[in-house]
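Chains as they are written, first to last, in this note's numbering: chain D, 10 to 202; chain F, 10 to 202.
Here a beta-carbon is modelled for each residue, glycine too, at the ideal position from N, C-alpha and C.
All figures in this text were calculated on a predicted structure; none of them were measured in a lab.
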DNA sequence: AATCTATTTAGATTTATTTCTAATTAGATA
DNA sequence: TATCTAATTAGAAATAAATCTAAATAGATT
């Protein structure tokens, strides 16, 4: 079973049990088997509503049903409940539910998406961590073999944002760009933050 | 802690975890602590939404928060999670969550409520079990020391339902009423079903 | 076969939850 | 102190879930 499927299953489990009437149904069935009409009376609900709840519980395998005469008796599947309790829901399991690397990768993409539109910067991020993402994205579009005069660099930066001076200053500050007098260039190895 | 409180707590726990984004937050925090803005970017939600989710998780004690600079870092409270897992959610615990006797008592009341309005029967229940509840309720309104002639009994029953003949027949069938020739009376001890 | 009963399905309505925007607060920084 | 940032709160809008009525189904019983 993939992490994705496991996650969905766990989520569905909590969703199904996260309802007052369904939790009560489980409680009632833990004591003795019941038919739909009885449960409806006990919970003060109409039969179709109870039927709907039982359907969800049944999908998860938490209840079984057997026919008796004209009735359908529902009962708790204790085995399934114990299995659920055992299988899922340890901290390790929970941690495994999120593919962290994937999330880390897409985080930067989301920062970019949030601050870049049509190839231009909407804003210079105030938070350093986000700003670094944007600056890195910018600097990687410069030719690493070339040197740039300040005026030349400013023009190029204005493509992205009016405030080219801030951009330039930040880049130097973060050592994404090396400066000597009025000339700028990319360092040999850019460390991605 | 009362059963009622325990039930509510369990329900709330499932409710809170029964949401995709909250479950993902738990997963993310299981790996490392995060601030609200980061989580918002990762989950593609606005800060207030994440803040709301974190609030629910915090109420349950599943996450803690600590300030760092301008940020508030949230982290998973693994202890709390393990405790939850251990405490709640065994079949026995679940069974204890419903006060069965209370439910049994009110079941009859609910049957009556469903079939009686303004002291009259809306219908004679088709299901024997429900019918017994109604018949018992009726017969207990007869004077146990008196004998009734058939015509007299019919008149009395018509207060409750047009079809007095069926009512009378059912009562005799269930031995809630003794018949001899044209005379009826209540047995010495009425066994409640 | 025809009827009756309990249950389920379909679809509409009501209710609860999630999510957002706008405004506020609390804390850090200039 | 004034300003900035991140977070939270309030309240509205959007979305999801629960519940109901009416109709259909499947199984017993006559």
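By a C-beta neighbour count over all protein chains shown, 10 Å radius and 16 as the cutoff for buried, is residue i buried or exposed?
i, result
"residue 62 of chain D", "buried"
"residue 139 of chain F", "buried"
"residue 195 of chain D", "buried"
"residue 70 of chain D", "exposed"
"residue 118 of chain F", "exposed"
"residue 143 of chain D", "buried"
"residue 79 of chain D", "exposed"
"residue 127 of chain F", "exposed"
"residue 41 of chain D", "exposed"
"residue 120 of chain D", "buried"
"residue 93 of chain F", "buried"
"residue 150 of chain F", "exposed"
"residue 168 of chain D", "exposed"
"residue 39 of chain D", "buried"
Is DSSP giving residue i helix, strand or coil here?
i, result
"residue 135 of chain F", "coil"
"residue 153 of chain F", "coil"
"residue 190 of chain F", "coil"
"residue 53 of chain D", "coil"
"residue 110 of chain F", "Unreliable positioning characterises residue 110 of chain F in this predicted model, as indicated by a pLDDT of 44, which lies under 50. A coordinate reading is not provided."
"residue 170 of chain F", "coil"
"residue 44 of chain F", "strand"
"residue 183 of chain D", "coil"
"residue 11 of chain F", "coil"
"residue 163 of chain F", "helix"
"residue 78 of chain F", "coil"
"residue 94 of chain F", "helix"
"residue 30 of chain F", "helix"
"residue 25 of chain F", "helix"
Sort out for me which residues DSSP pairs residue i with in a bridge.
i, result
"residue 126 of chain D", "D:129"
"residue 73 of chain F", "F:84"
"residue 158 of chain D", "D:192"
Within the same chain, show all residues whose beta-carbon is closer than 7 Å to that of residue i, passing over the 5 residues directly before and after it, in chain order.
i, result
"residue 49 of chain D", "55, 56 and 59"
"residue 166 of chain D", "173, 176 and 177"
"residue 37 of chain D", "43, 48 and 51"
"residue 81 of chain D", "44, 45 and 74"
"residue 153 of chain F", "195"
"residue 65 of chain F", "25 and 31"
"residue 183 of chain F", "141 and 144"
"residue 185 of chain F", "144, 145, 148 and 199"
"residue 89 of chain D", "70 and 71"
"residue 201 of chain F", "Per-residue confidence for residue 201 of chain F stands at a pLDDT of 40, beneath the threshold of 50, marking its modelled position as unreliable; no derived number is given."
"residue 162 of chain F", "177 and 193"
By Cβ distance, which residues of its chain are closer than 8 Å to residue i, with the 5 residues on each side in sequence left out?
i, result
"residue 125 of chain F", "131, 143 and 146"
"residue 159 of chain D", "177, 191, 192 and 193"
"residue 155 of chain F", "194"
"residue 129 of chain F", "168, 169 and 170"
"residue 134 of chain D", "120, 124, 140, 142 and 143"
Output needed for residue i: all residues of its chain with C-beta closer than 6 Å, excluding positions within five of it in sequence on either side, in chain order.
i, result
"residue 181 of chain F", "188"
Exercise. Would you list, in chain order, the members of the stretch 23-39 of chain D that have their beta-carbon closer than 7 Å to a beta-carbon of chain F?
Key: 23, 24, 26, 27, 29, 32, 33, 35, 36, 37 and 39
Exercise. Pull out every residue of the stretch 136-147 of chain D whose Cβ sits closer than 9 Å to any Cβ of chain F, in chain order.
Key: 136, 138 and 139
Exercise. Identify each residue in the stretch 44-73 of chain D for which the Cβ-Cβ distance to at least one residue of chain F is less than 8 Å, and report them in chain order.
Key: 46, 47, 50, 51 and 53
Exercise. Could you run through the stretch 74-91 of chain D and flag, in chain order, every residue whose CB is less than 7 Å away from some CB of chain F?
Key: 87, 90 and 91
Practice problem: Quick one: which residues of the stretch 114-127 of chain D get their C-beta closer than 8 Å to a C-beta of chain F? List them in chain order. | Solution: Result list: 115, 116, 119, 120 and 123.
Quiz item: If you measure beta-carbon to beta-carbon, which residues of the stretch 148-160 of chain F are closer than 9 Å to chain D?
Solution: none
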